[in-house]
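Peer 1: In terms of my numbering, the sequence shown opens at residue 61 and continues consecutively. Beta carbons: idealized from backbone N, C-alpha and C, even for Gly. Here the structure is a predicted model, which is why all the values come from computation and not from measurement. What follows is a single structure, and I will ask about it in a moment.
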Amino acid sequence: MFGFLKSLDVSKTHSVTDAVWFYITGLIMMIGFTTVLGYILGQIGMVEKVGSFFDGGHTYTLLGTGFVLLLSSMILTGRKLTGDLFSILLVGVAVYLAFTTSLILGLVPVALLTTLHGHKE
């Protein structure tokens, strides 16, 4: 039923085509996650203005940046890349781009992160 979720496997090394599908699937999941959570937070009165995906500092941007950070950290720990400086810098760039420019651009370094090979023990 949810076969498209196989492209979100964080422990598998992706090719460039798989990384594009990872980006598209992650973008769809992020939009759904932030929309539902933003609506719920607005209904219970925790936030007043939700904003949009392209505004910096609003609720959508904060929730989406958290999603980018969560997805990136799952990739780093799933592949044992927490000691790799380049991977950690890619996560930092992804979070920075997601918060300051747009969430759509913030997922690009995360998709690039899926093409790196993990450490084997």
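Can you tell which of Leu136, Ile84, Leu122 and Ala79 has its C-alpha closest to the C-alpha of Leu157?
Peer 2: Walking along the sequence shown from the start, residue 157 turns up at place 97. Nearest of Leu136, Ile84, Leu122 and Ala79 to Leu157, Cα basis: Leu122.
Peer 1: Where Leu97 and Ser75 are concerned, what is the direct C-alpha to C-alpha distance, given to the nearest angstrom?
Peer 2: In the sequence shown, the residue the question calls residue 97 occupies position 37. In the sequence shown, the residue the question calls residue 75 occupies position 15. Roughly 32 Å between the two C-alpha positions.
Peer 1: Can you tell me where the alpha helix (DSSP H) with Thr160 in it begins and where it stops?
Peer 2: For the purposes of this step, residue 160 is taken as residue 100 along the sequence shown, with counting starting at 1. From DSSP, the alpha helix (DSSP H) with Thr160 extends over Leu145 to Thr160.
Peer 1: So within the segment 67-109, which uninterrupted alpha helix (DSSP H) runs reach at least 4 residues, ignoring any that extend past its ends?
Peer 2: 76-103, all fully within the segment 67-109.
Peer 1: Would you mind sorting Met90 into buried or exposed? The rule is 16 or more other CB atoms within 10 Å of its CB.
Peer 2: Looking up residue 90 in the sequence shown gives position 30. Met90 comes out buried.
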